[in-house]
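Undergrad: This is the structure, below, for whatever I ask next.
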Amino acid sequence: MGSKPRPAKQFGLQQYFKSLNYRLAVNLFRGCLPMFINTLALIIAQGSLIGLAEVFIVAVCLYAVLYISAPFPEQEATETALSTDGAYQYLLAGWLGEFQLWRIFWPFFVVLNGALYGADYWVWTGGISVSSWWNIHFILAAPVLWWAVGIWRSSPKSSSRLWIAMSRLAVFGALAEFGMRLYIYFNLPRQFFNCEELMLDYFSCF
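The sequence shown begins at 5 in the working numbering and counts up one residue at a time.
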């Protein structure tokens, strides 16, 4: 009769594969959308919500739908004078879709990723509390909504349906990122916030 594997050995293998899966996910998403580095890799490693294969399938299918439904680019897309007069007019023009697609997509995309990555870094190093980390995301919610509406309305002012679909996919990615951060806040706080080392606002991890 064969002997059953020892629980300790089996647990060690599970930990090894979980760590390997985490490193693979981190390397993959580091080359894609930076906003996914800290969240999706952790969720995939935990295996409690979604796996790497499912993420890939969903992304490909969603991109296909967005590409098919994307509007055709305008032949001569122009920006109105409204988009050049001050901060308020800039925000209004973005909301109305007056910009070229790249002009509304890239500035906010870079700022959003920097804000999310900075919030994670500060909470890990104890620079801000866990509740402050959550407040930053709450403050970012309105600008993300502005950006999403602007992307949709500015889509025809692009050179190709490929970029239109990619920009809209990034919008869904940003919304998914906020959903994952909400999930982590309530379900995986110990793993994400390093509660054993974080002294500031310790009880927010539970």
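Heads up, the beta-carbon is just placed ideally off N, CA and C, and yes, glycines get one too.
Tell me where the alpha helix (DSSP H) around Leu-100 begins and ends.
TA: Looking at the DSSP string, the run of the alpha helix (DSSP H) that includes Leu-100 is 90-100.
Undergrad: Only counting the same chain, and skipping five residues up and downstream in sequence, which positions put a Cβ closer than 6 Å to that of Trp-126?
TA: Cβ neighbours of Trp-126 beyond the five flanking positions: Ile-132.
Undergrad: So, does the stretch 184-191 touch the stretch 97-106, judging by three or more C-beta pairs under 8 Å?
TA: They do not touch, by the three-pair rule.
Undergrad: Under 7 Å Cβ to Cβ from Phe-113, same chain only, skipping five residues before and after it: list those, please.
TA: Answer for Phe-113: Ala-174, listed in chain order.
Undergrad: For a test of your reading of the model: does the CB of Leu-192 fall under 7 Å from any non-hydrogen atom of the ligand COA? Yes or no.
TA: You won't find the ligand COA in this model; it holds no ligand whatsoever.
Undergrad: What does the Cβ neighbour count give for Trp-110, buried or exposed, with the cut at 16 atoms within 10 Å?
TA: Flag for Trp-110 reads exposed.
Undergrad: So is Arg-172 buried or exposed if we call it buried at 16+ other beta carbons inside 10 Å?
TA: Arg-172 should be labelled buried.
Undergrad: Using a Cβ-Cβ cut-off of 7 Å (strictly less than) and excluding sequence neighbours within five positions of Leu-192, which residues of its own chain qualify?
TA: Excluding residues within five positions, the ones whose Cβ falls inside 7 Å are Leu-46 and Gln-50.
Undergrad: Can you tell which of Ala-146, Arg-107 and Asn-198 has its C-alpha closest to the C-alpha of Ile-155?
TA: Cα-wise, what sits closest to Ile-155 is Arg-107.
Undergrad: Mapping the DSSP letters down to three states, classify Ser-159 as helix, strand or coil.
TA: Coil.
Undergrad: Give me the Cα-Cα distance between Thr-43 and Ile-72, rounded to the nearest whole angstrom.
TA: For Thr-43 and Ile-72, the distance between alpha carbons rounds to 29 Å.
Undergrad: What's the C-alpha gap between Leu-70 and Leu-144?
TA: When rounded, the distance between both Cα atoms is 25 Å.
Undergrad: Taking the alpha helix (DSSP H) that Ile-108 falls in, what are its first and last residues?
TA: It spans 105-128 - the alpha helix (DSSP H) in which Ile-108 sits, taken as one unbroken run.
Undergrad: Would you report the Cα separation of Met-170 and Ala-180, rounded to the nearest angstrom?
TA: When rounded, the distance between both Cα atoms is 15 Å.
Undergrad: Using the three-state DSSP reduction, which class does Glu-78 fall into: helix, strand or coil?
TA: Looking at Glu-78 - three-state DSSP - the assignment turns out to be coil, as it is neither helix nor strand.
Undergrad: Apart from the five residues just before and just after Tyr-67, which ones in its own chain have a Cβ nearer than 7 Å to its Cβ?
TA: Hits under 7 Å: Ala-169 and Leu-173.
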